[in-house]
Amino acid sequence: MKFRALLFILVSFVITSCNAQASKNIKLIEVKEFAEKVKTTQNPQILDVRTPAEFTAAHIENATNIDWLGDSFVIDAEKLDKTKPVYVYCKSGGRSKKATAKLEELGFKNIYELDGGFIKWSAEELNKP
Numbered sequence: 081m082k083f084r085a086l087l088f089i090l091v092s093f094v095i096t097s098c099n100a101q102a103s104k105n106i107k108l109i110e111v112k113e114f115a116e117k118v119k120t121t122q123n124p125q126i127l128d129v130r131t132p133a134e135f136t137a138a139h140i141e142n143a144t145n146i147d148w149l150g151d152s153f154v155i156d157a158e159k160l161d162k163t164k165p166v167y168v169y170c171k172s173g174g175r176s177k178k179a180t181a182k183l184e185e186l187g188f189k190n191i192y193e194l195d196g197g198f199i200k201w202s203a204e205e206l207n208k209p
């Protein structure tokens, strides 16, 4: 019985520790906050990590397309200013999650990821005039 209790405590600690290691450089933010930050940032670096076809179909105004699945993601990302915030989105959140981790690895310190991606952005109809 003591062994089970000890094992339970140990497993709980490990799970809690893993969840607590979220990056302080990457902030997952909701659509309205993302839109407000983009609007109030001078010359924002908005990074759309979807495919060129997805980008051409529709995208956030002033976004730059650097395809996460493309061969030149790192090379193209290195051209961005690491001292400025970067706002990242994809279709629903899967690719942007990986892209933000790579950006952090490349030395970016102020990364904002759009929670729910372009699907949520479109649902809020923020691209409408």
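Just so we're aligned, residue 81 is where the sequence shown starts under the numbering used here, counting upward by one. All C-beta atoms, glycine included, are put in the ideal place defined by N, C-alpha and C.
Leaving out five residues before and five after residue i in sequence, what residues of the same chain have Cβ atoms less than 7 Å from its Cβ?
{"i": "K171", "result": "R130, E134, G197, F198, I199"}
{"i": "E110", "result": "D195"}
{"i": "S103", "result": "E184"}
{"i": "V118", "result": "P124, I126, Y167"}
Given residue i, which residues of its chain have a CB within under 6 Å of its CB, disregarding the five upstream and five downstream residues?
{"i": "I221", "result": "The displayed coordinates of the chain run from 81 to 209. Any statement about residue 221 would go beyond what the structure contains."}
{"i": "F114", "result": "L194"}
{"i": "N136", "result": "The question names Asn, yet the displayed sequence has Thr at residue 136. Contacts found: none."}
With distance defined between alpha-carbon atoms, name the residue in the options nearest to residue i.
{"i": "D183", "options": "L160, Q122, G150, T120", "result": "Before going further, note that residue 183 is Leu rather than Asp in the sequence given. Checked all of L160, Q122, G150, T120; the closest Cα to L183 is L160."}
{"i": "D128", "options": "K107, W201, V168", "result": "V168"}
{"i": "E204", "options": "S176, K107, K112, A157", "result": "K112"}
{"i": "E158", "options": "N105, P132, F188", "result": "F188"}
{"i": "I146", "options": "L108, Y192, S176", "result": "S176"}
Which residue or residues does DSSP assign as beta-bridge partners of residue i?
{"i": "I191", "result": "I106, V166"}
{"i": "T121", "result": "According to DSSP, T121 bridges with nothing at all."}
{"i": "L160", "result": "L160 is not bridged to any residue."}
{"i": "I126", "result": "Y167"}
{"i": "T144", "result": "L127"}
How many Å lie between residue i and residue j at the Cα?
{"i": "P165", "j": "N190", "result": "5 Å"}
{"i": "A143", "j": "S152", "result": "17 Å"}
{"i": "A138", "j": "T120", "result": "22 Å"}
{"i": "I106", "j": "G150", "result": "22 Å"}
{"i": "W201", "j": "G173", "result": "11 Å"}
{"i": "E116", "j": "P132", "result": "25 Å"}
{"i": "T163", "j": "L186", "result": "12 Å"}
{"i": "I155", "j": "W148", "result": "11 Å"}
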